[in-house]
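**Q** Residue numbering for the sequence shown follows the working numbering, beginning at 209 and increasing consecutively.
From the three backbone atoms N, C-alpha and C, an ideal C-beta is built for every residue, glycine too.
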Amino acid sequence: MKMPVTDPGVIARREQLATGLRAIVGAEWVISEESERAPYQCDGITAYMAMPLLVVLPASTDEIRRVLLFCKENGVKIVPRGSGTSLSGGALPVEDGILLGTARLCNILDVNPTERIARVQPGARNITVSEAASPHGLCYMPDPSSQIISTIGGNVAENAGGVHCLKYGVTSNHILGLEAVLMNGDVIHLGGNYLGAADGSLDLIGVLTGSEGLLAVITEITVRLVPKPETARVLSMSFPSVDTACHCVGAIIGSGIIPAGLEFMDRKVLDAVAPLIQETFDASTAALLICELDGCKSEVDALVQSVTAIAQKEGAIEVRASNSDAERERIWRSRKLAFAAIGKICRDYYCTDGTIPRNRLPDVLAKMAEFSKKYGLDYANCFHAGDGNLHPIIMYDSRKPGDLEKAEEFGADVLRTCVDVGGVLSGEHGIGVEKRDLMTHQFTTTDLEQQQTLRCAFDPTELLNPGKMFPTPCRCAEFGRMHVHNGQLRFPDVPRF
Numbered sequence: 209m210k211m212p213v214t215d216p217g218v219i220a221r222r223e224q225l226a227t228g229l230r231a232i233v234g235a236e237w238v239i240s241e242e243s244e245r246a247p248y249q250c251d252g253i254t255a256y257m258a259m260p261l262l263v264v265l266p267a268s269t270d271e272i273r274r275v276l277l278f279c280k281e282n283g284v285k286i287v288p289r290g291s292g293t294s295l296s297g298g299a300l301p302v303e304d305g306i307l308l309g310t311a312r313l314c315n316i317l318d319v320n321p322t323e324r325i326a327r328v329q330p331g332a333r334n335i336t337v338s339e340a341a342s343p344h345g346l347c348y349m350p351d352p353s354s355q356i357i358s359t360i361g362g363n364v365a366e367n368a369g370g371v372h373c374l375k376y377g378v379t380s381n382h383i384l385g386l387e388a389v390l391m392n393g394d395v396i397h398l399g400g401n402y403l404g405a406a407d408g409s410l411d412l413i414g415v416l417t418g419s420e421g422l423l424a425v426i427t428e429i430t431v432r433l434v435p436k437p438e439t440a441r442v443l444s445m446s447f448p449s450v451d452t453a454c455h456c457v458g459a460i461i462g463s464g465i466i467p468a469g470l471e472f473m474d475r476k477v478l479d480a481v482a483p484l485i486q487e488t489f490d491a492s493t494a495a496l497l498i499c500e501l502d503g504c505k506s507e508v509d510a511l512v513q514s515v516t517a518i519a520q521k522e523g524a525i526e527v528r529a530s531n532s533d534a535e536r537e538r539i540w541r542s543r544k545l546a547f548a549a550i551g552k553i554c555r556d557y558y559c560t561d562g563t564i565p566r567n568r569l570p571d572v573l574a575k576m577a578e579f580s581k582k583y584g585l586d587y588a589n590c591f592h593a594g595d596g597n598l599h600p601i602i603m604y605d606s607r608k609p610g611d612l613e614k615a616e617e618f619g620a621d622v623l624r625t626c627v628d629v630g631g632v633l634s635g636e637h638g639i640g641v642e643k644r645d646l647m648t649h650q651f652t653t654t655d656l657e658q659q660q661t662l663r664c665a666f667d668p669t670e671l672l673n674p675g676k677m678f679p680t681p682c683r684c685a686e687f688g689r690m691h692v693h694n695g696q697l698r699f700p701d702v703p704r705f
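1) Is the beta carbon of P681 sitting closer than 7 Å to the one on K285?
2) If I'm right that G562 touches S296 with Cβ under 8 Å, what's the distance once you round it to whole angstroms?
3) Between the alpha carbons of S342 and K436, how many angstroms are there, rounded?
4) If I measure Cβ to Cβ from Q520 and keep anything under 8 Å in the same chain, skipping five residues before and after, which residues do I get?
5) Who are F447's beta bridge partners in DSSP?
6) Would you please state the rounded distance, in angstroms, between the beta carbons of L398 and A406? I believe it to be under 8 Å.
7) Tell me which same chain residues have a C-beta within less than 7 Å of the C-beta of L265, skipping the five on either side of it?
8) Could you check where the alpha helix (DSSP H) with A340 kicks off and where it finishes?
9) Is G292 helix, strand or coil by DSSP?
10) Can you tell me the Cβ-Cβ gap for G418 and N367, rounded? I've got them flagged as a contact below 8 Å.
11) Whose CA, out of A510, G305, H455 and C314, lies closest to the CA of L497?
12) To the nearest angstrom, how far is it from the Cα of R538 to the Cα of N531?
13) State the beta-bridge partners of P435 as determined by DSSP.
14) Leaving out five residues before and five after T669 in sequence, what residues of the same chain have Cβ atoms less than 7 Å from its Cβ?
15) Whole angstroms are fine: how far does the CA of E303 sit from the CA of R289?
16) For P483, count neighbouring Cβ atoms within 10 angstroms of its own Cβ and tell me buried if that reaches 16, exposed if not.
17) Check whether the Cβ of A615 lies closer than 7 Å to any Cβ atom in chain B.
18) Determine the closest residue to S444 out of V364, R536 and D509, with distance taken between C-alpha atoms.
19) When we look at the beta-carbon of T653 and count the other beta-carbons within 10 Å, is it buried (16 or more) or exposed?
20) Assign N381 to buried or exposed, taking buried as 16 or more other Cβ atoms, counted over all protein chains shown, within 10 Å of its Cβ.
21) Just curious, the beta strand (DSSP E) that N282 is in, first and last residue?
22) Do I272 and V389 have their C-beta atoms within less than 7 Å of each other?
23) Alpha carbon to alpha carbon, how far is I306 from T227? Give it in angstroms, no decimals.
24) Between the alpha carbons of A574 and C499, how many angstroms are there, rounded?
25) With a threshold of 8 Å, are at least 3 pairs of Cβ atoms found where one atom belongs to the segment 460-476 and the other to the segment 353-367?
26) Applying the 10 Å Cβ sphere with the 16-neighbour rule, what's the burial state of V213?
27) Roughly how far, in whole angstroms, is the beta-carbon of V629 from the beta-carbon of D571, given that I think they are within contact range, below 8 Å?
28) Is DSSP giving K599 helix, strand or coil here?
29) So I325 and L478 are in contact, right, with Cβ under 8 Å, and what is the actual spacing, rounded?
30) Taking the beta carbon of R555 as the centre, do at least 16 other beta carbons fall within 10 Å, making it buried, or is it exposed?
31) How far does the beta strand (DSSP E) with I316 in it extend, from its first residue to its last?
32) Does R327 come out as helix, strand or coil in the three-state DSSP assignment?
33) In three-state DSSP terms, what is L470?
34) Where does the unbroken beta strand (DSSP E) through R528 begin, and where does it stop?
Structure below.
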């Protein structure tokens, strides 16, 4: 995994740069001691690490603006970071660049129940938005598994998903307005404080959402709030094979029912979580689906009956439905503990994400079994089945030479397969460094050049989050070149403005 060439000249100026940055954000908010920078060496992918040149923690939009201008003037790279929960290496530092953390910009600025919006700073944790909206009977629906720690700014950068995004949509479906700082110090405001505020203008909110910190540093977000469902019930459905569980997913969606969430766990995950939840699963169970249905009580009760009938028709061994919030939480607990439980049965694991058409679930899961034999590594599956967003958990031992590389190749084969069956490289984790070198498998050279041209329009310096997303450098200076021959441009008779 290659990163941009490190500039030793910038590293040699560490103390000089630290002095300049302290004048902007305050002495205590620039971290220069190596022992204090060490916790920032990686994000959620601990296999990749780099010591940042400095860690800078601004407390306002103006401080971020001044930090970006300072870095531009000094040719210093910048890696924005929220809580560091990225699973694609999106917040991986570079050794000759600063890590710009948003931890101090963590406030809920306003909750407006009339307009059903909240204005939040980028360092606000996802869960705190729903907590602030709850007294008004509202909530913020995008709920990644890391919601108790991941930040809204990071969610916007990666266009995060979550369990309830099958019915309610991912982060991009809930963003109404953004404030962001460009590399030249400009502060831009997009959209506004009401639904439709960005209508009639270029969809720059859509451009920034999911841009992984390559275009701008987001400093404020206006999110859409929705009413908390009146009723929610959960079904736990066990199946004798992975194929029957996958076919049931298609049957539920094909019937016209869109669950709030529809999750898949295989036998290995069930065996791992069983001791933690003090529950045993039927020995004939090969896969489990968890299906949440929400709405008004009469609607939910009817949907529970319909989904139960579908599951039984598809060969379910057992179907259990929650009848109280406590039962609902107990059923969900197995899914919420899945990744922690896997961590107890293997030394290391690597989790990637790709998204495929639902009808190809059996095919792709069968391919995973082949890849497991090919690389000699075990794996487990726990994923968002309703929208085909896979999260294969590949187990390896970092102490064994070559094991990490095999795990990476295993994951790469899964992602290439996702694209080959009509899917995409990522559903919610983003590209970062993890999937960067696979971008050419999904996009043509022309596609990537167009994306890089857009990047250069926002950051011609290429100082924002370098080495991420694109497999080759952008070379922004080349995109603006003109060809002059014998003192004349091409087509000299064409008017130029």
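**A** Taking the structure as given:
1) Contact flag unset, no.
2) Contact doesn't hold; Cβ gap of about 12 Å is too wide.
3) 8 Å
4) V527
5) Paired residue(s): A495.
6) 6 Å
7) So the list reads V233, W237, G309, A311 and R312, once near-sequence residues are dropped.
8) N334 to A341
9) Three-state DSSP puts G292 in coil, outside helix and strand.
10) 3 Å
11) H455
12) 11 Å
13) L346
14) K280 and M391
15) 15 Å
16) exposed
17) The question asks about chain B, but that chain is absent: this structure has only one protein chain.
18) R536
19) exposed
20) exposed
21) From DSSP, N282 is part of no beta strand (DSSP E) but of the alpha helix (DSSP H) over T269 to N282.
22) When the beta-carbon positions are compared, I272 and V389 come within less than 7 Å of each other.
23) 13 Å
24) In a straight line, the C-alpha of A574 is about 23 Å away from that of C499.
25) no
26) exposed
27) The pair is a contact, with the Cβ atoms about 6 Å apart (cut-off 8 Å).
28) Lys is not the amino acid found at residue 599; the sequence shown has His there. Correct three-state label for H599: coil.
29) Rounded, the Cβ-Cβ distance is 40 Å, inconsistent with contact.
30) By the beta-carbon neighbour count (other beta carbons within 10 angstroms, threshold 16), R555 is exposed.
31) I316 to N320
32) strand
33) strand
34) E526 to A529
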